[in-house]
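J.:
There are 2 protein chains.
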Amino acid sequence: MNITIVGLGLIGGSLAIDLRARKFGSEFWGVDSNEHHASKAQELGLVDKIVDLEHLNKADLVILAIPVDQARNLLPKILQNINSQAVVVDMGSTKQGICQIADQLPNRDQYVASHPISGTENVGPEAAIANLFRGNVTIICDQEKCRKYALELIRKMYKTLGMKVIYMDPKDHDLHIAYVSHLSHISSFTLGLTVLEIEKNEKNIFNMAGSGFASTVRLAKSSADMWVPIFEQNASNLSKALQTYIDNLIHFKKLIDHLDKTAMFRIIHQSNEIRRVLDGIELKEKANNGS
Amino acid sequence: MNITIVGLGLIGGSLAIDLRARKFGSEFWGVDSNEHHASKAQELGLVDKIVDLEHLNKADLVILAIPVDQARNLLPKILQNINSQAVVVDMGSTKQGICQIADQLPNRDQYVASHPISGTENVGPEAAIANLFRGNVTIICDQEKCRKYALELIRKMYKTLGMKVIYMDPKDHDLHIAYVSHLSHISSFTLGLTVLEIEKNEKNIFNMAGSGFASTVRLAKSSADMWVPIFEQNASNLSKALQTYIDNLIHFKKLIDHLDKTAMFRIIHQSNEIRRVLDGIELKEKANNGS
Chain D
1 MNITIVGLGL
11 IGGSLAIDLR
21 ARKFGSEFWG
31 VDSNEHHASK
41 AQELGLVDKI
51 VDLEHLNKAD
61 LVILAIPVDQ
71 ARNLLPKILQ
81 NINSQAVVVD
91 MGSTKQGICQ
101 IADQLPNRDQ
111 YVASHPISGT
121 ENVGPEAAIA
131 NLFRGNVTII
141 CDQEKCRKYA
151 LELIRKMYKT
161 LGMKVIYMDP
171 KDHDLHIAYV
181 SHLSHISSFT
191 LGLTVLEIEK
201 NEKNIFNMAG
211 SGFASTVRLA
221 KSSADMWVPI
231 FEQNASNLSK
241 ALQTYIDNLI
251 HFKKLIDHLD
261 KTAMFRIIHQ
271 SNEIRRVLDG
281 IELKEKANNG
291 S
Chain F
1001 MNITIVGLGL
1011 IGGSLAIDLR
1021 ARKFGSEFWG
1031 VDSNEHHASK
1041 AQELGLVDKI
1051 VDLEHLNKAD
1061 LVILAIPVDQ
1071 ARNLLPKILQ
1081 NINSQAVVVD
1091 MGSTKQGICQ
1101 IADQLPNRDQ
1111 YVASHPISGT
1121 ENVGPEAAIA
1131 NLFRGNVTII
1141 CDQEKCRKYA
1151 LELIRKMYKT
1161 LGMKVIYMDP
1171 KDHDLHIAYV
1181 SHLSHISSFT
1191 LGLTVLEIEK
1201 NEKNIFNMAG
1211 SGFASTVRLA
1221 KSSADMWVPI
1231 FEQNASNLSK
1241 ALQTYIDNLI
1251 HFKKLIDHLD
1261 KTAMFRIIHQ
1271 SNEIRRVLDG
1281 IELKEKANNG
1291 S
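Spelled out as structure tokens, the structure:
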């Protein structure tokens, strides 16, 4: 099976490592508009050959691992160019926009819309690592619109990567992911910015910041190329999520200004409930690293 | 040397582990108003004996590892009860309040105001771990107000723990720490709360949240008993920090509402600058874990 990966960054590169190691696919080709990424990916052995989009008709499986706006723009051309037995899957963090485009295309049933919940804040082919996906959840949307073989192949691919597949409506996906992923990124970008604005002397940050600060702003290292298109495509859900977050922060600030300790205790105890969820995620990660 | 630790939680317990292992002090006594913590700390071998505040006159070194409001309230009584050669040090995350109290006390020079930048989001004596402090920075305030012997003892204690000592004015300490530590905690508590409010069905959070979400809300597990007094004592600095953070979030929301991708790119690139600081913190942590 020829697997052609469009986008040889963290996600595309990590997919290549695991799929090759587990013998899912015999030939790995890569497409990347960034020449440095393309040659680096080949140098690292992530792909056997760099090709351009015109060669997609040789692929049995095309994986789109590019920013969500590019995936949306390329999907029509890709579905037009592939052979009639091939399958296309995307990895994007927003699903409503691309699913709407797909619905207008004649060979819609060769495309599977998906979103593996995995990543790090690092970018480019050098950031690719083994087992990035193992133990995590992946979401498939509009599965009833895929031909049977396409859905089965993608399910098999995710099982090979060690992921648990769940199914969601694209609209629901985008709503929930706004809160549990996209909002965290804005919170982190903005926190990083706030601290950099105030602490012109970075030595203070370096000396006084502990592991707690590092943890909350880690995502501020994430790539603008990846995230701006996500924020754009999920703007409406994200705007609501941000407003709720801002309202909660304004409320907390009022409690601090009024030194209302009782209410602060109540809010923190409510927030501590997240412990149950986090302990579950940690267990999942430990099982993952340990296996 | 008898070391009496007041407060046998994460910080007090972790101090006991390292100081004992490195033979700094021969006898470790503990004080804790929470009976469960006191007996647990003794059971875990963190301290040899549980005593009450009336026994502080036996101590050569008294370490206050309790919430900042309690440290502030207890300091006068403690400085009154200790013997004339003893030294008292506190570990609190705010320094201006306690230093002001100390300035009014007759034996001010037996007290060293400090803040080791170390911790985890876990609480209680069971959370105590070895090497919690190693490789991190600790801050000493108003060092010129301490008698020479007291300052030397505390410097030696921190060196024994593997910490780098820096000196700051208490007012400066509280201002900077508001941005690089306290603000992160509010950002995290509020993010946890926002997501819990929307996602009544925690299964969605659990399935869809990845390591990025876990990282940004990890601090939401932190203890209200510790943090409410910190927020109260650093209210004025923190209120300003929060306002700047809120303003930046409101600005980001506007960019999303207007789909202003150019400005989003610019802000994210600015925020990415935090990478330099974070890479430094990571190196510090790696050196620490590897040594």
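Here the protein sequences line up with chains D and F, keeping their order.
Per the working numbering, residue 1 is the first one in the first sequence, and the count goes up by one each step.
Per the working numbering, residue 1001 is the first one in the second sequence, and the count goes up by one each step.
Every residue gets a Cβ at the ideal spot worked out from N, C-alpha and C, and that includes glycine.
Counting only Cβ pairs nearer than 8 Å, list the residues of chain D close to glutamate 1202(F).
T.: Chain D residues near glutamate 1202(F): Arg276 and Val277.
J.: Which ranges would you report for the alpha helix (DSSP H) in the stretch 206-264 of chain D if only whole runs of at least 4 residues count?
T.: Qualifying alpha helix (DSSP H) stretches, in chain order: 211-217, 224-233 and 235-257.
J.: Let me see if you follow: with CB-CB separation under 8 Å, is valine 228(D) close to chain F or not?
T.: Interface residue, yes.
J.: In chain D, what lies closer than 9 Å to lysine 1221(F) by C-beta?
T.: Residues of chain D passing the Cβ test: Ser271, Asn272, Ile274, Arg275, Leu278 and Asp279.
J.: Restricting to Cα atoms, I'd like to know which of Val1123(F), Tyr1158(F), Ala1113(F) and Leu1283(F) is closest to glutamate 1144(F).
T.: Checked all of Val1123(F), Tyr1158(F), Ala1113(F) and Leu1283(F); the closest Cα to glutamate 1144(F) is Ala1113(F).
J.: How is the alpha helix (DSSP H) around glycine 97(D) delimited, first residue to last?
T.: Note, glycine 97(D): alpha helix (DSSP H), 96-103.
J.: Give a yes or no on whether the minimum CB-CB distance between valine 1195(F) and chain D is below 8 Å.
T.: True, the Cβ-Cβ gap to chain D drops below 8 Å.
J.: Alpha carbons only, please: which of Leu191(D), His251(D) and Ser184(D) is nearest the one belonging to arginine 1275(F)?
T.: Ranking the options by Cα distance to arginine 1275(F), first place goes to Leu191(D).
J.: Could you confirm whether any beta carbon from chain D is found closer than 8 Å to the beta carbon of arginine 1218(F)?
T.: So, interface residue.
J.: For the beta strand (DSSP E) that contains asparagine 2(D), what are its first and last residues?
T.: Here the beta strand (DSSP E) through asparagine 2(D) covers 2-6.
J.: Which residue's Cα is closest to the Cα of glutamine 104(D): Glu152(D), Leu75(D) and Gly212(D)?
T.: Minimum Cα distance to glutamine 104(D) is reached at Leu75(D).
J.: Quick one: list the residues of chain F neighbouring isoleucine 78(D), beta-carbon separation under 7 Å, in chain order.
T.: Under the 7 Å cutoff, chain F gives no residues; its nearest Cβ is about 23 Å from isoleucine 78(D).
J.: Residues in the same chain with beta-carbon distance under 6 Å from lysine 164(D), minus the five sequence neighbours each way, listed in chain order, please.
T.: Once the five neighbours on either side are set aside, the close Cβ partners of lysine 164(D) are Val137.
J.: Along chain F, in chain order, which residues have C-beta atoms closer than 7 Å to that of isoleucine 117(D)?
T.: What isoleucine 117(D) touches in chain F: Met1208 and Gly1210.
J.: Run through DSSP, which three-state label would lysine 23(D) get?
T.: Three-state DSSP puts lysine 23(D) in coil, outside helix and strand.
J.: Exposed or buried, what is glycine 290(D) when buried is set at 16 or more other beta-carbons lying within 10 Å of its beta-carbon?
T.: For glycine 290(D), the pLDDT reaches just 48, beneath the cut-off of 50, and the residue's location in the model is therefore unreliable, leaving the point undetermined.
J.: I need the boundaries of the beta strand (DSSP E) containing valine 1307(F), first residue and last residue.
T.: This structure cannot settle anything about residue 1307(F), because the visible part of chain F is limited to 1001 through 1291.
J.: Under DSSP, the alpha helix (DSSP H) around proline 1076(F) begins and ends at which residues?
T.: Where proline 1076(F) is concerned, the enclosing alpha helix (DSSP H) stretches over 1068-1081.
J.: Assess contact between the stretch 1209-1229 of chain F and the stretch 1146-1157 of chain F, defined as three or more Cβ pairs (one per stretch) separated by less than 8 Å. Is contact present?
T.: Counting Cβ pairs under 8 Å, fewer than three are found: no touch.
J.: Is any beta-carbon of chain D found at less than 8 Å from that of methionine 1091(F)?
T.: Methionine 1091(F) does not count as touching chain D.
J.: Can you confirm whether glycine 1290(F), when its beta carbon is compared against all beta carbons of chain D, has any partner nearer than 8 Å?
T.: The predicted model places glycine 1290(F) with a pLDDT of 48, which falls under 50 and marks its position as unreliable, so this point remains unresolved.
J.: In angstroms with no decimal places, state the Cα-to-Cα distance between arginine 72(D) and isoleucine 3(D).
T.: Taking the straight line from one Cα to the other gives about 20 Å.
J.: Roughly how many whole angstroms lie between the Cα atoms of aspartate 18(D) and isoleucine 1246(F)?
T.: For aspartate 18(D) and isoleucine 1246(F), the distance between alpha carbons rounds to 42 Å.
J.: Could you tell me which of Ala263(D), Glu54(D) and Asp174(D) sits nearest to cysteine 141(D), measuring between CA atoms?
T.: For cysteine 141(D), the nearest C-alpha among the options comes from Asp174(D).
J.: Rounded to the nearest angstrom, what separates alanine 235(D) and glycine 92(D) at their Cα positions?
T.: Going from the Cα of alanine 235(D) to the Cα of glycine 92(D) covers about 15 Å.
J.: Measure from the C-beta of phenylalanine 180(D) to each C-beta in chain F and report whether the shortest distance is under 8 Å.
T.: The question names phenylalanine, but residue 180(D) in the sequence shown is valine. Yes - at least one Cβ of chain F is within 8 Å of the one on valine 180(D).
J.: Against chain F, does glutamine 100(D) count as a neighbour if the rule is that its beta carbon must be under 8 Å from one of theirs?
T.: It does not: the Cβ of glutamine 100(D) has no partner Cβ on chain F nearer than 8 Å.
J.: Would you kindly report the start and end of the unbroken alpha helix (DSSP H) that includes leucine 1196(F)?
T.: Unbroken alpha helix (DSSP H) run through leucine 1196(F): 1183-1198.
J.: Is it right to say asparagine 167(D) is buried, meaning 16 or more other beta carbons lie within 10 angstroms of its own, or is it exposed?
T.: Going by the sequence as given, residue 167(D) is tyrosine instead of asparagine. It is exposed - the Cβ of tyrosine 167(D) has fewer than 16 other Cβ atoms within 10 Å.
J.: Verify whether the separation of the beta carbon atoms of alanine 1065(F) and isoleucine 1011(F) is less than 8 Å.
T.: For alanine 1065(F) and isoleucine 1011(F), yes; Cβs fall inside 8 Å.
J.: Threonine 1216(F) and serine 187(D) look like a contact to me (Cβ under 8 Å); what is the Cβ gap, rounded to whole Å?
T.: Threonine 1216(F) to serine 187(D), Cβ: 6 Å. Contact.
J.: Would you call leucine 1278(F) buried or exposed, if buried means 16 or more other Cβ atoms sit within 10 Å of its Cβ?
T.: Buried.
J.: Step through the CB atoms of chain F and report whether any lies within less than 8 Å of the CB of tyrosine 245(D).
T.: Chain F, which has a Cβ nearer than 8 Å to the Cβ of tyrosine 245(D), makes this yes.
J.: In the DSSP assignment, find the alpha helix (DSSP H) that holds leucine 91(D) and state where it starts and stops.
T.: It is methionine, not leucine, that sits at residue 91(D) in the sequence shown. First-last for methionine 91(D): undefined, no H or E at that position.
J.: Spell out the partners DSSP gives serine 1114(F) in its beta bridges.
T.: Paired residues: Ile1140(F).
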